[in-house]
Amino acid sequence: MKLGVVVLAAGQGKRMRSRLPKVLHPLAGRPLLAHVLDTAQALGAARIGVVYGYGGDRVPRRMADYDCIWVEQAERLGTGHAVMQAMPRMQAMDRILVLYGDVPLMQPATLQRLVDAAVETELGVLTAVLEDPTGYGRIVRDEAGRVLRIVEQRDATAAELRIDEVNTGFLVADRTRLDDWLSRIGNRNAQGEYYLTDILALAVGEGVEIATSHPRTLDEVCGINDRVQLAALERAFQRRQVEALMRGGVTLADPARLDIRGRLYAGEDVSIDVNLVVEGDVRLAAGVSIGPNCLLRDCAIGPGTQVFANSIVEGAVVGADARIGPFSRLRPEAVLADAVHVGNFVEVKKSEVGAGSKVNHLTYVGDARIGSGVNVGAGTITCNYDGVNKHPTVIGDRAFIGSNASLVAPVEIGEGATVGAGSVVSHRVPAGKLTVTRANQTIVEGWQRPRKKPKAS
């Protein structure tokens with residue numbers, strides 16, 4: 148069976164009070180629509196069509212990484228009309244599943260149950276029972292429990308408004324029958340729109356049994372109409388992530404103060420303090436400890452490594468049993484081997500630091516290759532930029548760089564060499580040698596510090 152997915156993403160979202168199309172608003176750092184398309188892909192859909200409208204081609208341009216068919220709904224005349232626009236591009240499909248670009252937490256397993264429930268019939272709908280069904284279309288059943296129709300709230304009678312089983316909007320249908328039903332729905336309703344839900348009455352009239360299925364959690368079917376609802380679903384998404392982490396052996400100091408805006412893969416006995424922000428793909432091996440107020444973005448951290456408070460690790464790879472921070476910044480293409488120490492107010496960019504080396508204080512390391520067992524003293528700077536080009540610094544194994552040294556690249560410090568504190572090094576330092584470039588100290592006899600004149604009274 149070839150499954151085609153149609154995602155409705157044409158709405159403006161007026162209650163968002165934004166010029167940005169609603170489906171491009173971020174949830175967990177990614178557009179709402181991205182979450183929906185990920186779900187469609189996880190189902191193994193043979194074809195995914197997205198119906199867009201408000202904002203023109205901003206939506207397809209923003210989501211260009213996805214393999215989708217983009218169909219514009221020039222006039223937004225309802226959900227039924229939106230699906231009609233996509234159907235000509237779905238003629239090779241057997242079944243059509245309808246999703247919504249502003250309902251980001253739907254799970255693939257829930258949709259698979261819906262598809263499976265409808266395998267013996269021609270139409271299936273996902274319904275839910277709500278304590279407060281206000282705003283939702285009601286599921287009207289007969290005495291035998293068979294679905295008769297869905298009635299929108301604005302068109303419902305007083306008796307129908309008391310029904311607590313609601314339409315979530317998600318449905319799956321035989322493609323041929325869906326084409327036929329869509330061609331016969333009308334717009335005689337309060338909004339003058341073509342409701343997708345009107346196909347149910349046509350199906351019932353033809354004796355089609357409508358299969359139903361239900362989500363495991365109500366968060367899955369919650370749509371977003373304003374920023375309050377967006378914030379609520381952001382919290383729901385984060386709760387889902389942190390619960391999975393804790394079940395996998397991760398300790399969180401406060402589950403409510405971790406924000407995952409990408410994907411976090413964490414091994415057993417990882418410990419995370421408060422206010423961590425995760426962006427992109429982040430991998431934490433077993434036993435990693437993350438201190439408070441850190442940012443991790445597109446990085447991998449090896450087993451047993453400690454990242455102390457207020458540190459940023461971005462685009463970097465860190466080995467095992469390293470110590471990072473507090474107040475460290477690892478920038479893209481920083482590669483740290485095992486047992487490296489990078490301490491407070493140290494920045495490392497596009498550099499390799501060998502096993503057991505220490506860069507503990509107030510240092511900038513850029514475009515460098517540092518060997519193993521090296522000590523880089525406080526205040527050391529690799530002067531890598533000449534105003535036009537970046538140049539490399541190479542420091543051999545077991546070298547010792549004294550405090551406040553300036554290494555003017557391109558430059559090489561040999562194995563076991565020592566650079567005296569305060570030196571400005573612009574030429575190669577041979578292995579095992581001491582290099583000092585320092586002005587002679589002068590003592591000026593009889594000198595007195597200038598004194599301020601007393602203020603006039």
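Sequential numbering of the sequence shown, starting at 148, is according to our numbering.
Backbone N, C-alpha and C define an ideal beta-carbon position, used for all residues, glycine too.
(1) For Asp-428, which beta-bridge partners are listed by DSSP?
(2) Look up Trp-217 in the DSSP assignment and give the residues it is bridged to.
(3) My guess is that Leu-174 and Glu-381 are in contact by the Cβ rule of under 8 angstroms, so how many angstroms apart are they, rounded?
(4) Residues in the same chain with beta-carbon distance under 7 angstroms from Asn-314, minus the five sequence neighbours each way, listed in chain order, please.
(5) Threshold first: 3 residues or longer. Then list the beta strand (DSSP E) segments lying entirely within the segment 262 to 325, N to C.
(6) How should Pro-479 be labelled, buried or exposed, when 16 other C-beta atoms within 10 angstroms of its C-beta is the threshold for buried?
(7) Inspect the CB distances between the segment 490 to 510 and the segment 520 to 530 and report whether three or more fall short of 8 angstroms.
(8) Would you mind sorting Gln-595 into buried or exposed? The rule is 16 or more other CB atoms within 10 Å of its CB.
(9) Going by beta carbon distance, what residues of the same chain come within less than 7 angstroms of Val-571, once the five residues before and after it are set aside?
(10) Should Tyr-247 be listed as close to the ligand NAD, given that the test is whether its C-beta is under 7 angstroms from any heavy atom?
(11) Got a sec? Which residues, its chain only, sit under 7 angstroms from Phe-384 by beta carbon, not counting five neighbours each side?
(12) If you compare alpha carbons, which of Asp-263, Leu-423, Gly-227, Ile-371 is closest to Asn-334?
(13) Report yes or no: do three or more beta-carbon pairs, one from the segment 239 to 255 and one from the segment 364 to 379, lie closer than 8 angstroms?
(14) Helix, strand or coil, according to DSSP, for Phe-384 in the structure here?
(15) Let me know the secondary structure DSSP gives Arg-606 once reduced to three states.
(16) Whether or not the segment 184 to 197 and the segment 405 to 425 are in contact is what I'm after, with contact meaning three or more pairs of Cβ atoms, one per stretch, closer than 8 angstroms; do they touch?
(17) Please identify the residue among Arg-363, Pro-402, Ile-243 whose C-alpha is closest to the C-alpha of Trp-328.
(18) So, Ile-471 versus Val-464, is the Cβ gap smaller than 8 angstroms?
(19) Quick check on the DSSP output: the alpha helix (DSSP H) that includes Gly-143 runs from which residue to which?
(20) Look at the alpha carbon of Ser-165 and the alpha carbon of Met-210, and state the distance between them as a whole number of angstroms.
(21) Below 8 angstroms on the Cβ atoms is my guess for Val-262 versus Val-351; work out the distance and round it to an integer in Å.
(22) Quick check on the DSSP output: the alpha helix (DSSP H) that includes His-182 runs from which residue to which?
(23) For Val-435, count neighbouring Cβ atoms within 10 angstroms of its own Cβ and tell me buried if that reaches 16, exposed if not.
(24) May I ask which residues mark the beginning and end of the alpha helix (DSSP H) holding Arg-335?
(25) Which whole-angstrom value is the C-beta distance of Arg-301 and Ala-264, which I expect to be below 8 angstroms?
(26) Starting from Arg-208, trace the alpha helix (DSSP H) both ways and give me its first and last residue.
(27) Short check: CB of Ile-459 to CB of Leu-442, under 8 angstroms?
The relevant details are as follows:
(1) Arg-410
(2) Val-197
(3) 6 angstroms
(4) Val-272, Thr-274, Tyr-283, Gly-284, Ile-286, Ile-297, Thr-344
(5) 270 to 276, 285 to 288, 294 to 298, 312 to 321
(6) exposed
(7) yes
(8) Counting Cβ neighbours within 10 Å, Gln-595 comes out exposed, since fewer than 16 surround it.
(9) Ser-553, Val-555, Thr-584
(10) You won't find the ligand NAD in this model; it holds no ligand whatsoever.
(11) Leu-174, Ala-175, Leu-252
(12) The candidate whose alpha carbon is nearest that of Asn-334 is Gly-227.
(13) yes
(14) helix
(15) Residue 606 lies beyond the residue range present for the chain, which begins at 148 and ends at 604; the question has no answer from this structure.
(16) no
(17) The candidate whose alpha carbon is nearest that of Trp-328 is Ile-243.
(18) no
(19) Since the first residue of the chain shown is 148 and the last is 604, residue 143 is not available in this structure.
(20) 19 angstroms
(21) That belief does not hold up - the Cβ atoms of Val-262 and Val-351 are roughly 21 angstroms apart, past 8 angstroms.
(22) Per DSSP, the continuous alpha helix (DSSP H) segment holding His-182 begins and ends at 179 to 189.
(23) buried
(24) From DSSP, Arg-335 is part of no alpha helix (DSSP H); its letter is neither H nor E.
(25) About 29 angstroms; that fails the 8 angstroms criterion.
(26) 205 to 209
(27) yes
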